[in-house]
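Student: Let me give you the structure first, and then I'll get to my questions.
Number of protein chains: 2
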Amino acid sequence: MSSKILDYIAKFVKLDEEEAHLFCNCFKEVKVKKRQLIVQPNFIAKHRNYILKGAFRAYVIGDEGQDHTINIAIDDWWITDYNSYIYQQPATLFVVALEDSTVLQIDYEKELSLKKQNHKFETFFRIIAERGLAFQQRRLLSNLTQSAEERYEHFVSNYPQIVQRVPQYALASYLGMTTEFLSRIRNKRISKKS
Amino acid sequence: MSSKILDYIAKFVKLDEEEAHLFCNCFKEVKVKKRQLIVQPNFIAKHRNYILKGAFRAYVIGDEGQDHTINIAIDDWWITDYNSYIYQQPATLFVVALEDSTVLQIDYEKELSLKKQNHKFETFFRIIAERGLAFQQRRLLSNLTQSAEERYEHFVSNYPQIVQRVPQYALASYLGMTTEFLSRIRNKRISKKS
DNA sequence: ACTAGATCAACAAAATTTCTTAAACTACTT
DNA sequence: AAGTAGTTTAAGAAATTTTGTTGATCTAGT
């Protein structure tokens, strides 16, 4: 079945046959339709989701209805509301499918038991947590220090696949600018290039 | 505030000032955007929803992706996944807004306490449950005994407001036929009439 | 063989979402 | 005071999705 996630974990820890099997069996494959929410405010995020195929956006709606994109994720990335998942508290984020997608879901209890029973799993989850943390930090930094245009250029060169795949409003909101402004930045580039 | 639901309950039990107040305070007014889900499989349906204004559809997606509409509801009707709500078990249904809507939500615990503390509330919830049951039975019967065309005619004469308000695919699926077939039935009628 | 109805495919119409552009505005910088 | 970086509002164009229609072909039951 999902050899993809085994390839993934194999990059971090070496599992034997049995462990691989155990690991796989903790995940459930779920199809998610475009626009469907997999996490919703006030509900506890029960799963951590590995995206087999698809694209998701995690966002908050502020008190005045402002939409802030916390995260965008596509194939081979993880997504959930970590504050909700890790502490098993009601979520504050929405996580929505931007296209028809397939995810592998592991639930909180299963993850806990994996980590408890085998050091390797503990290691694996630590590594992805650390990487997630580092990623968030880079992002925060880039938001604080770079201009809107730099942030966009930076994003394009780092994640060209994502740029082509997600709607512009999602990207603009992720990069912390209005869609109008992003639209202009893009046009400027195009006229420069030609 | 929501005198509408007081008018509603007044049809069934007579409440004094204080009871009315108590009852009202158990409900929260919530706006729901078109296409938003208020119940989703795998999540527990925490609320019973009284539709102040709007339209909803409750449906299941079968194993092969077949979409069965369990219920359609508009202004002044109730909707939720009752199997999930009553037993507080994970839902199997989707309940989606067919248009921008406003509902009054009561949650399970509050409803429980209303019913426990005052006989009248117990009576009220019994009555709406009985009526719901009777309605479901009529529907089941009509599905078993009538032809697609009869079911449609029947529905049109009983709920003309709904017919005009919900998309045809929803109605077709509710009436247990394909949208193509419903489309044909409708055309037949029109040509008959003129 | 007839009927009630489904399925498939192609298409048209309607509605919605997404993107673009322009104009006027705000807050900083210089 | 003028320029830069960016927002807001509004309007419209373009793209995509959703919804509904029609015809052709199929199936199960009578």
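Quick note, the sequences are listed as chains F and C, same order.
Our numbering puts the first residue of the first sequence at 1, with every later residue one more than the last.
Our numbering puts the first residue of the second sequence at 1, with every later residue one more than the last.
The C-beta atom is built at its ideal place from N, Cα and C for all residues, glycine as well.
Counting only C-beta atoms, is C:F43 closer than 8 Å to chain F at any point?
Tutor: Counting from 1 along the second sequence, the entry for residue 43 of chain C is found at position 43. Yes, C:F43 lies at the interface with chain F (some Cβ there is under 8 Å from its Cβ).
Student: Check whether the region 15–27 of chain C and the region 83–99 of chain C are in contact - that is, three or more C-beta pairs closer than 8 Å.
Tutor: Touching, no, given that fewer than three Cβ pairs across the two stretches are closer than 8 Å.
Student: Within 8 Å (strictly less), CB to CB, does F:R246 reach chain C?
Tutor: There is simply no residue 246 of chain F to check, as chain F begins at 1 and stops at 194 in what is shown.
Student: Enumerate, from N- to C-terminal direction, the unbroken alpha helix (DSSP H) stretches of 4 or more residues contained entirely within the region 11–90 of chain F.
Tutor: Runs of the alpha helix (DSSP H) inside the region 11–90 of chain F: 17–25, 82–87.
Student: Going by beta carbon distance, what residues of the same chain come within less than 7 Å of C:Q161, once the five residues before and after it are set aside?
Tutor: Position 161 of the second sequence, counted from the first residue, corresponds to residue 161 of chain C. I74.
Student: By the 10 Å Cβ neighbour count, where 16 or more other Cβ atoms means buried, how is F:Y87 classified, buried or exposed?
Tutor: In the first sequence, residue 87 of chain F corresponds to position 87, counting from 1. F:Y87 is exposed by the Cβ-count criterion.
Student: Report buried or exposed for F:G62, applying the criterion of at least 16 other Cβ atoms within 10 angstroms of its Cβ.
Tutor: In the first sequence, the residue the question calls residue 62 of chain F occupies position 62. F:G62 comes out exposed.
Student: Taking the beta carbon of F:R126 as the centre, do at least 16 other beta carbons fall within 10 Å, making it buried, or is it exposed?
Tutor: Position 126 of the first sequence holds residue 126 of chain F. The residue is exposed, with fewer than 16 neighbouring Cβ atoms inside 10 Å.
Student: Around the Cβ of F:T69, are there at least 16 other Cβ atoms within 10 angstroms (buried) or fewer (exposed)?
Tutor: As a first step, residue 69 of chain F is located in the first sequence; it is residue number 69 there, counting from the start. So F:T69 ends up on the buried side.
Student: Assign F:Q164 to buried or exposed, taking buried as 16 or more other Cβ atoms, counted over all protein chains shown, within 10 Å of its Cβ.
Tutor: Residue 164 of chain F sits at position 164 when you count from the first residue of the first sequence. Exposed, because fewer than 16 other Cβ atoms sit within 10 Å of the Cβ of F:Q164.
Student: Quickly, what does DSSP pair C:Q105 with across the bridge? List them, please.
Tutor: Here residue 105 of chain C is taken as the residue at index 105 of the second sequence, counted from 1. Answer is C:K28, C:N49.
Student: Counting pairs of Cβ atoms below 8 Å between the region 145–158 of chain F and the region 111–127 of chain F, do you hit three or more?
Tutor: These segments do not touch.
Student: Use the C-beta contact count for C:K46: other C-beta atoms within 10 angstroms, 16 or more gives buried, fewer gives exposed.
Tutor: Here the question's residue 46 of chain C lines up with position 46 in the second sequence. Flag for C:K46 reads buried.
Student: Quick one: residues in its chain with C-beta nearer than 7 Å to the C-beta of C:Q40, no 5 flanking neighbours on either side, listed in chain order?
Tutor: If you number the second sequence from 1, residue 40 of chain C lands on position 40. So the qualifying residues of the chain are A91, F94.
Student: Cutting at 6 Å between CB atoms, please list the residues of its own chain near F:E31, excluding the five before and the five after it.
Tutor: For this step, residue 31 of chain F is matched to residue 31 along the first sequence. Note that residue 31 of chain F is Lys in the sequence shown, not Glu. Closer than 6 Å at the Cβ level, and outside the excluded window around F:K31, lie T102.
Student: With a threshold of 16 other CB atoms inside 10 Å of the CB of F:G65, please say whether the residue is buried or exposed.
Tutor: Counted from its first residue, the first sequence places residue 65 of chain F at position 65. Per the 10 Å Cβ criterion, exposed.
Student: Between C:K116 and C:A134, what straight-line distance do the alpha-carbon atoms span, to the nearest angstrom?
Tutor: In the second sequence, counting from the first residue as 1, residue 116 of chain C sits at position 116. In the second sequence, counting from the first residue as 1, residue 134 of chain C sits at position 134. Cα to Cα, C:K116 sits roughly 24 Å from C:A134.
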